[in-house]
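Chains as they are written, first to last, in this note's numbering: chain A, 1 to 238; chain B, 1001 to 1336. C-beta atoms are modelled at their ideal positions from N, C-alpha and C, and glycine is treated no differently. Please read all numbers here as calculations on a predicted model, not as lab measurements. In what follows, a single structure is set out as structure tokens and then discussed.
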Ligand SMILES: Nc1ncnc2c1ncn2[C@@H]1O[C@H](COP(=O)(O)OP(=O)(O)OP(=O)(O)O)[C@@H](O)[C@H]1O
Ligand SMILES: [Mg+2]
């Protein structure tokens, strides 16, 4: 597994006086599920924002699939095959699910065929909601729509920002099932506070703490790491 | 399951709009004949046709792309002054018209640039300032525009054979412009371009993340919307026979915006109805300044407070809620 998909070097980002990211280095291989954990405000979302082009870093470089994507627009990064979800669910609420999917297809670099869309929608069990306004669906269903909209674009890397945030424990179990099958469709980067998700899905875990990388390694090792327990897992955040 | 992807078949692009479009075209082309006995009413109908074209262009920007450009009338003015200037220096009107419309489009792209940075209300404020500057420009460059006095006795375009385009013939040209404008809007809205613009209107950050070039498409929207403004402005000048900075000032922009908002932004026919109701009104009330201004003020407040989706929007919403899903299988294949 020497095939590097995402290569982040020394990325820093400050917001006024707040250093949200302080020189983060990170490598993710193709097919490797990477989990990112850390307390509230440790910079996880900011990290994804920088990678996906929403936030310009103050320094550092990002290369994706062998090409530098530093300083490019979100739409160009999306076309290169990097997609992400948002911590607060985000769909075109006034449009139907069908229109949401059609929107995701219009500018896709390598859009799925009609049959492939139907297959993914059936797999996500969202087909029966296709003619409902996306905003009227439950949170779980909106999360499924988010996944559908990204999968029809056949992404190489999907970055998920707290995919089970706000879901019931039954829904969390369902979502873990969906995400573990998702691994067969694209490479996954997942931010989570729910350790169950990290334990069951991640091959490698990165811990962020106040904008710095505190630890990195296999989940079993990281979740047993005394420093991580003291500074994060032992706190109310996790 | 019906297909999710876009249809390239043009006959399908007009799907759902065929009947209203046919009715609209018949009414638009019949009106000049029906009113040919009364020049004044025929003239009001002609001005209404220009406003239908303008409202459709504003609708593309405001209704479908989510931008509220209150310098729309200024863009029409840029085209009108260009066309009047060119015809005065010997150009044929029919050659000057595309040049004027293009001048409006290019100005629209440039003056629309702030929308790439400023969101929603802030761009609207900025566009008000731009409109004011454009109006001042019309007054200031009096060598070209004759300043506040305006340009009168603008000659009519000539038809083939050197005859002036007048009366019924000019009315029919305006009807054609309105019908073509609506058809172009329908085609755009039903195309992938329309889908991208609607996505930008709904959430431009999400649209960008899905691979849509938000900057590029906003500029395309400005180009096309301003083209509507420009064609309307070019046709307006010789029809009225007189233009001045007041013909294209902020009140006219607000008026066009109101037609779209009142009729129902983001629907094809709402703004057309808005123009049909409001364009004659402002014409008939021209003598009664205060009444007109108060009425417009009240209408703007009413639209914003009581019916933000406009006439057509309120109607559509009701229909959407009650319509049963037609093309979803009773048991989804994925259900277990
Ligand atoms: N747009 C912004 N402007 C100013 N400060 C910001 C902005 N975005 C993030 N921050 C700050 O940067 C720091 C990191 O925030 P970030 O949202 O990345 O944390 P997080 O790890 O995702 O937290 P959570 O677990 O709560 O989602 C915080 O101190 C936050 O207040
Ligand atoms: Mg976060």
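Check, Outcome
"For residue 12 of chain A, the three-state DSSP class (helix, strand or coil)", "strand"
"Cβ-Cβ distance between residue 1139 of chain B and residue 1111 of chain B below 8 Å", "no"
"Rounded C-alpha distance that separates residue 181 of chain A from residue 35 of chain A", "16 Å"
"Bridge partner(s) assigned by DSSP for residue 1219 of chain B", "Answer by DSSP bridge pairing: none, since residue 1219 of chain B is not bridged."
"Residue 45 of chain A beta carbon near ligand 2 (any heavy atom closer than 7 Å)", "yes"
"Contact list for residue 54 of chain A against chain B, beta-carbon separation under 9 Å", "1205, 1208, 1209"
"Listed by chain order, chain A residues near residue 1261 of chain B by CB distance under 9 Å", "Correct list: empty, because the minimum Cβ distance to chain A is about 17 Å."
"The region 1079–1092 of chain B / the region 1225–1240 of chain B touching (three or more Cβ pairs under 8 Å)", "yes"
"Proximity test, residue 78 of chain A beta-carbon vs ligand 1 heavy atom, cut-off 7 Å", "no"
"Beta-carbon contacts of residue 121 of chain A that lie in its chain and below 8 Å, excluding the five residues immediately before and after", "101, 127, 130, 148"
"Beta-carbon proximity check, residue 1150 of chain B vs residue 1244 of chain B, cutoff 8 Å", "yes"
"Residue 1203 of chain B to residue 1032 of chain B span [Cα, whole Å]", "43 Å"
"Rounded separation between residue 1047 of chain B and residue 1238 of chain B - CA only", "12 Å"
"Contact test: residue 15 of chain A Cβ vs ligand 1 heavy atom, cutoff 7 Å", "yes"
"Contact list for residue 73 of chain A against chain B, beta-carbon separation under 9 Å", "1208, 1213, 1214, 1215"
"8 Å Cβ cutoff, residue 1202 of chain B in contact with chain A", "yes"
"Given 8 Å, three or more beta-carbon pairs between the region 1180–1188 of chain B and the region 85–94 of chain A", "no"
"Three-state class that DSSP yields for residue 84 of chain A in the structure shown", "strand"
"Contact set between residue 1192 of chain B and chain A, taken where Cβ atoms lie within less than 7 Å", "106"
"Runs of beta strand (DSSP E) lying entirely within the region 40–114 of chain A, each at least 3 residues, in chain order", "59–64, 82–84"
"CB of residue 190 of chain A within 8 Å of CB of residue 207 of chain A, strictly", "no"
"Partners in chain A for residue 1221 of chain B, counting only beta-carbon separations shorter than 9 Å", "Going along chain A, no residue has its Cβ under 9 Å from residue 1221 of chain B, so there is no contact; the nearest lies around 15 Å."
"Counterpart residues of residue 19 of chain A in DSSP-defined beta bridges", "A:14"
"Residue 207 of chain A, enclosing beta strand (DSSP E) - first and last residue", "204–209"
"8 Å Cβ shell around residue 1061 of chain B - same chain, five flanking residues per side excluded", "1067, 1068, 1069, 1072, 1221, 1222, 1225"
"Interface flag, residue 1 of chain A vs chain B, CB-CB below 8 Å", "Low local confidence applies: a pLDDT of 46 at residue 1 of chain A is under 50, so the model's placement there is unreliable, with the coordinate-based value given in what follows. Not one chain B Cβ lies under 8 Å of residue 1 of chain A."
"Residues near residue 24 of chain A in its chain [Cβ-Cβ closer than 7 Å; skip 5 each side]", "8, 11, 47, 213"
"Residue from A:19, A:42, A:82, A:75 with nearest C-alpha to residue 57 of chain A", "A:19"
"Every unbroken alpha helix (DSSP H) within the region 148–209 of chain A, with a cutoff of 4 residues, ordered by chain", "169–182, 195–201"
"Three-way DSSP call (helix, strand, coil) for residue 1154 of chain B in this model", "coil"
"Residue 225 of chain A: CB within 7 Å of a non-hydrogen atom of ligand 2", "no"
"Cα-Cα separation, residue 1104 of chain B to residue 1263 of chain B", "25 Å"
"Residue 1171 of chain B classed as buried or exposed, judged by whether at least 16 other C-beta atoms fall within 10 angstroms", "buried"
"Contact set between residue 1199 of chain B and chain A, taken where Cβ atoms lie within less than 7 Å", "92, 103"
"Chain B contact for residue 84 of chain A (CB, 8 Å cutoff)", "yes"
"Ranges of the beta strand (DSSP E) found wholly within the region 1214–1301 of chain B, counting only runs of at least 3", "none"
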